[in-house]
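Engineer: Before I ask anything, let me first share the structure, which is written out below as structure tokens.
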Amino acid sequence: MAITRQILGRLTTLVASLLVASAGIFVALNALPGDATAAILGTNADPAAISQLRAHLGLDRPLWVRYLSWLHGLVTGNLGTSLLSGDPVASLIWPRFGVTLSLVTLGMVLSVVVAMPLGMYAAVHRRRARGFIAATLSQLGMAVPAFVAGIVLVLVFAVYLRWLPAGGYTDLQRDPLEWFRHLILPSVSLALVNGSLLARYVRAAFVEVLTEDWFRTARAIGWRLWPALWRHGVRNAATSLITVLGLQLATVFVGAVVIEQVFAMPGLGSLLLDEVGKRDLVVVQAVVMLMVALVLIVNALVDVGYLALDPRLRGRREMR
Amino acid sequence: MTGVLEVDDLSVDFGRRRLPAVRGISFSLAPGERLGLIGESGSGKSVTALSIMGLLPENARVRGQLRWRGENLVGRPDAVLSRLRGRDLAMVFQEPMTALDPTMRVGRQVAESYILHRDASSGQVRGTVLEALGRVGIEDPQRIADAYPHQLSGGQRQRALIAMALMNRPSLVICDEPTTALDVTVQATVLRVLNRQLASVQAACLFISHDLAVVAQVCERVAVMWRGRIVETGRIVDILERPRHPYTATLVAAARFDPSEPRAVPADLDAEPGAVPDDLDAEPEGAPPTRPYGGEGR
Numbered sequence: 000m001a002i003t004r005q006i007l008g009r010l011t012t013l014v015a016s017l018l019v020a021s022a023g024i025f026v027a028l029n030a031l032p033g034d035a036t037a038a039i040l041g042t043n044a045d046p047a048a049i050s051q052l053r054a055h056l057g058l059d060r061p062l063w064v065r066y067l068s069w070l071h072g073l074v075t076g077n078l079g080t081s082l083l084s085g086d087p088v089a090s091l092i093w094p095r096f097g098v099t100l101s102l103v104t105l106g107m108v109l110s111v112v113v114a115m116p117l118g119m120y121a122a123v124h125r126r127r128a129r130g131f132i133a134a135t136l137s138q139l140g141m142a143v144p145a146f147v148a149g150i151v152l153v154l155v156f157a158v159y160l161r162w163l164p165a166g167g168y169t170d171l172q173r174d175p176l177e178w179f180r181h182l183i184l185p186s187v188s189l190a191l192v193n194g195s196l197l198a199r200y201v202r203a204a205f206v207e208v209l210t211e212d213w214f215r216t217a218r219a220i221g222w223r224l225w226p227a228l229w230r231h232g233v234r235n236a237a238t239s240l241i242t243v244l245g246l247q248l249a250t251v252f253v254g255a256v257v258i259e260q261v262f263a264m265p266g267l268g269s270l271l272l273d274e275v276g277k278r279d280l281v282v283v284q285a286v287v288m289l290m291v292a293l294v295l296i297v298n299a300l301v302d303v304g305y306l307a308l309d310p311r312l313r314g315r316r317e318m319r
Numbered sequence: 000m001t002g003v004l005e006v007d008d009l010s011v012d013f014g015r016r017r018l019p020a021v022r023g024i025s026f027s028l029a030p031g032e033r034l035g036l037i038g039e040s041g042s043g044k045s046v047t048a049l050s051i052m053g054l055l056p057e058n059a060r061v062r063g064q065l066r067w068r069g070e071n072l073v074g075r076p077d078a079v080l081s082r083l084r085g086r087d088l089a090m091v092f093q094e095p096m097t098a099l100d101p102t103m104r105v106g107r108q109v110a111e112s113y114i115l116h117r118d119a120s121s122g123q124v125r126g127t128v129l130e131a132l133g134r135v136g137i138e139d140p141q142r143i144a145d146a147y148p149h150q151l152s153g154g155q156r157q158r159a160l161i162a163m164a165l166m167n168r169p170s171l172v173i174c175d176e177p178t179t180a181l182d183v184t185v186q187a188t189v190l191r192v193l194n195r196q197l198a199s200v201q202a203a204c205l206f207i208s209h210d211l212a213v214v215a216q217v218c219e220r221v222a223v224m225w226r227g228r229i230v231e232t233g234r235i236v237d238i239l240e241r242p243r244h245p246y247t248a249t250l251v252a253a254a255r256f257d258p259s260e261p262r263a264v265p266a267d268l269d270a271e272p273g274a275v276p277d278d279l280d281a282e283p284e285g286a287p288p289t290r291p292y293g294g295e296g297r
């Protein structure tokens, strides 16, 4: 089947880009001056002790050998052990992964939920003042950096009104309500910038929908405007919008790193910053690789999503 | 007697600068009557059609009256107009290539025009849809219903669109250059399908075209539009012999009549619903889905 071949082709590209990304991350981090020995023994350590430790950690082996053994570890699920604490990297990452994943997911969902109606409204009324206001409003959100929004939200809703916690995190399994309460402010600040940007794309996509001949046909057979937009417009606009969403995911991960600091959330971002500070490269490598892999995988899913959304692409050699 | 539609001093202008597109036109359509509306691009034909449908963009301003069975439609809310659209008042557009939703199977789109005006679920309508596709001369309705628009030829798409428009046996069908984007050979068969379908549901028709020869295959009477006004109205045979307005004269001179083409088919003849004549599928199947016109005249 042509579709199966298309999906297999996309999976091949995914594996290839994961390999390239892993090599890039490994080389970049290992090329940094000052390896783990300096972090463990301090800068004034005895050269003999340093070379002994290097041999012990396997750092005296050539770069490509170390890369291959790291890659082997990645594939078999062994992320290595922390240089400083000696803990398995996986045990450091997993508890924090849930925090970041919750934040990123909720941030994305929130931005879609706000951007879709806002962008559609701006598109429908683009020739009127209210459409202009909706479009301007969404520009405003884009101009405010996420961390500034976060600080303002904390001041208003946590410090002044005392409605929501100012920071921290509670596990979903422990207390779903508290989990959600802790996530509201961080994900709102994350969604503010992201949603504003998305609203622009939503508006553009629906301006196009509104001028399409098939949209006029849908109206001519008796659909009212908004039902026609939901029934025929969303599906057609989605092809361009999921591309944007896939690209935005990377930005949102970066945003989450910052937001976790603002809200003192024990997520991957704060782990990453801690370990960069401590020069624990094994942990940093694993965290960066995890984030990059997630972004690449989601973008591959986006490409497969095109096939579901647009029948014209099925069976083509080129997917885009 | 009152017509299905009476257009009374209709004017349409656009935007803040009030650019006029239609300047005070009047005409009326009796039940089952067919009127050609002819003129060059930009003369206001399509704007007239869209204003009757209530599908003009937000920045359009409509004055005058559009009386549907005696009731003025101008300024009525979309909730009222959308109930009329597709049920009593249908439209076939110029661009069959782009007039169907590319992400939805053709059968479902045809079904929508039926379901929207009834309490029916899509499961029950399948038979009705296949029947409707058969009536417009699609010889393999099962396959076409399950196909996506890009898998169909231009002629097949326009037939599907005609089936959609006539699904609810409307009293008026507005056709906006329905064959302009089609090959000449396909044009003739699609016009024949349209003629037969209009006759079988006894719908009135406003047929918009820039080609007098095409109009003559569907209508007896024609109104000539020029720069937003109707400059001449009459029977086609009379206008051909004695054009009064200079623009009409150039139209007549430009029209090419093929003596083998049938002239206006009388409405009471050839009205066998469901009958599929053999010669309708002369058009090659699966023709390349290119877009011959760049959306001209809009």
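As given, the protein sequences belong to chains A and B, one line each in that order. The numbering of the first sequence is numbering that gives the first Met the number 0, which starts it at 0 and goes up by one. The numbering of the second sequence is numbering that gives the first Met the number 0, which starts it at 0 and goes up by one. For each residue, glycine too, the CB sits at the ideal point set by N, CA and C.
Could you give the residue range of the alpha helix (DSSP H) that holds Phe214(A)?
Structural biologist: Its alpha helix (DSSP H) spans residues Asp212 to Ala219.
Engineer: Step through the CB atoms of chain A and report whether any lies within less than 8 Å of the CB of Arg86(B).
Structural biologist: Closer than 8 Å to some Cβ of chain A, the Cβ of Arg86(B) qualifies, so yes.
Engineer: Could you tell me if Ser50(B) is buried or exposed, where buried requires 16 or more neighbouring beta carbons within 10 angstroms of its beta carbon?
Structural biologist: Counting Cβ neighbours within 10 Å, Ser50(B) comes out buried, since at least 16 surround it.
Engineer: Give me the chain A residues within the contact set of Ala144(B), using Cβ-Cβ distance strictly less than 9 Å, ordered along the chain.
Structural biologist: Going along chain A, no residue has its Cβ under 9 Å from Ala144(B), so there is no contact; the nearest lies around 14 Å.
Engineer: Helix, strand or coil: which one does DSSP assign to Gln172(A)?
Structural biologist: If DSSP states are grouped into helix, strand and coil, Gln172(A) belongs with coil.
Engineer: Report the three-state DSSP secondary structure of Gly63(B) (helix, strand or coil).
Structural biologist: Three-state result, Gly63(B): strand.
Engineer: Taking only three categories from DSSP, how would you classify Ile241(A)?
Structural biologist: DSSP places Ile241(A) in helix when its eight states are reduced to three.
Engineer: Within 8 Å, do at least three Cβ pairs link the region 290-301 of chain A to the region 246-256 of chain A?
Structural biologist: Yes, since at least three Cβ pairs between the region 246-256 of chain A and the region 290-301 of chain A fall closer than 8 Å, the two stretches touch.
Engineer: Quick one, are the C-beta atoms of Val187(A) and Ala122(A) less than 8 Å apart?
Structural biologist: No; because the gap between Cβ atoms is not below 8 Å, this pair is not in contact.
Engineer: With a 10 Å radius around its C-beta and 16 neighbouring C-beta atoms as the bar for buried, classify Val108(A) as buried or exposed.
Structural biologist: Its Cβ having fewer than 16 others within 10 Å, Val108(A) is exposed.
Engineer: By how many angstroms is the C-alpha of Gly74(B) removed from the C-alpha of Gly314(A)?
Structural biologist: One C-alpha to the other measures close to 47 Å.
Engineer: So Ala98(B) contacts chain A; which residues on that side make the cut at Cβ distance below 7 Å?
Structural biologist: Simply Asp212, Trp213 and Thr216.
Engineer: Using 8 Å as the threshold, is the C-beta distance between Arg95(A) and Leu267(A) below it?
Structural biologist: Yes.
Engineer: Among Leu250(B), Gln186(B), Arg82(B) and Thr102(B), which one has its Cα closest to the Cα of His304(B)?
Structural biologist: Residue coverage of chain B in this structure runs from 0 to 297, which leaves residue 304(B) outside it and unanswerable.
Engineer: As an exercise, report each continuous alpha helix (DSSP H) stretch of at least 4 residues that is fully enclosed by the region 166-240 of chain B, in chain order.
Structural biologist: Listed in chain order, the complete alpha helix (DSSP H) runs (minimum 4 residues) inside the region 166-240 of chain B are 183-200, 211-215 and 235-240.
Engineer: Looking at the structure shown, is Asn71(B) part of a helix, part of a strand, or coil, going by DSSP?
Structural biologist: Looking at Asn71(B) - three-state DSSP - the assignment turns out to be strand.
Engineer: Does the beta-carbon of Leu67(A) have 16 or more other beta-carbons within 10 angstroms, so that it is buried, or is it exposed?
Structural biologist: By the neighbour-count rule (16 or more Cβ atoms within 10 Å), Leu67(A) is not buried but exposed.
Engineer: Please confirm if His116(B) has its CB atom under 8 Å from at least one CB of chain A.
Structural biologist: Closer than 8 Å: yes.
Engineer: Any beta-carbon of chain A closer than 8 Å to the one on Pro245(B)?
Structural biologist: No, no contact with chain A.
Engineer: Using alpha carbons as the reference points, say which of Ile143(B), Val6(B), Gly106(B) and Ala48(B) lies closest to Ser208(B).
Structural biologist: With distances taken between Cα atoms, Ser208(B) lies closest to Ala48(B).
Engineer: Candidates Pro87(A), Val158(A), Gly167(A) and Asn193(A): which alpha carbon is nearest Met141(A)'s?
Structural biologist: Checked all of Pro87(A), Val158(A), Gly167(A) and Asn193(A); the closest Cα to Met141(A) is Asn193(A).
Engineer: So, Arg142(B) versus Pro95(B), is the Cβ gap smaller than 8 Å?
Structural biologist: Contact flag unset, no.
Engineer: Mind listing which residues of the region 222-238 of chain A have their C-beta closer than 7 Å to chain B's C-betas, in chain order?
Structural biologist: Listed in sequence order: Trp222, Arg223, Leu224, His231, Arg234 and Asn235.
Engineer: Tell whether a beta-carbon distance below 8 Å holds between Leu152(A) and Leu184(A).
Structural biologist: A contact, by the Cβ cut-off of 8 Å.
Engineer: Is the shortest distance between the beta-carbon of Phe92(B) and the beta-carbons of chain A less than 8 Å?
Structural biologist: Closer than 8 Å to some Cβ of chain A, the Cβ of Phe92(B) qualifies, so yes.
Engineer: Using a cut-off of 8 Å between C-beta atoms, extract the partners of Pro101(B) located in chain A.
Structural biologist: Simply Trp213, Asn235, Asp309, Pro310 and Arg311.
Engineer: Looking at C-alpha atoms only, which residue of Val217(B), Leu197(B), Met90(B) and Asp118(B) is the closest neighbour of Val351(B)?
Structural biologist: Given that chain B is displayed from residue 0 to residue 297, the structure contains no residue 351(B) and the question cannot be resolved.
Engineer: Pairs of beta-carbons, one from the region 18-33 of chain B and one from the region 208-226 of chain B, closer than 8 Å: are there three or more?
Structural biologist: At 8 Å Cβ cutoff, the stretches touch.
Engineer: Given this structure, state the Cα-to-Cα distance separating Ala217(A) from Ala236(A), to the nearest angstrom.
Structural biologist: Taking the straight line from one Cα to the other gives about 15 Å.
Engineer: Please classify Glu5(B): does DSSP put it in a helix, a strand, or coil?
Structural biologist: The answer is strand: DSSP assigns Glu5(B) an E or B state.
Engineer: Between the alpha carbons of Ala131(B) and Ala162(B), how many angstroms are there, rounded?
Structural biologist: Roughly 6 Å separates the two Cα atoms.
Engineer: Can you name the residues of chain A whose CB is closer than 8 Å to the CB of Ser112(B)?
Structural biologist: The contacting residues are Ile220 and Gly221.
Engineer: Quick one, are the C-beta atoms of Leu197(A) and Val103(A) less than 8 Å apart?
Structural biologist: Cβ atoms of Leu197(A) and Val103(A): not closer than 8 Å.
Engineer: Between Arg173(A) and chain B, is there a C-beta pair that is closer than 8 Å?
Structural biologist: Arg173(A) does not count as touching chain B.
Engineer: Measuring CB to CB, does Leu9(B) end up less than 8 Å from Gly23(B)?
Structural biologist: In this structure, Gly23(B) lies closer than 8 Å to Leu9(B) by Cβ.
Engineer: Buried or exposed: where does Tyr168(A) fall if 16 or more other Cβ atoms within 10 Å of its Cβ makes it buried?
Structural biologist: Result: buried.
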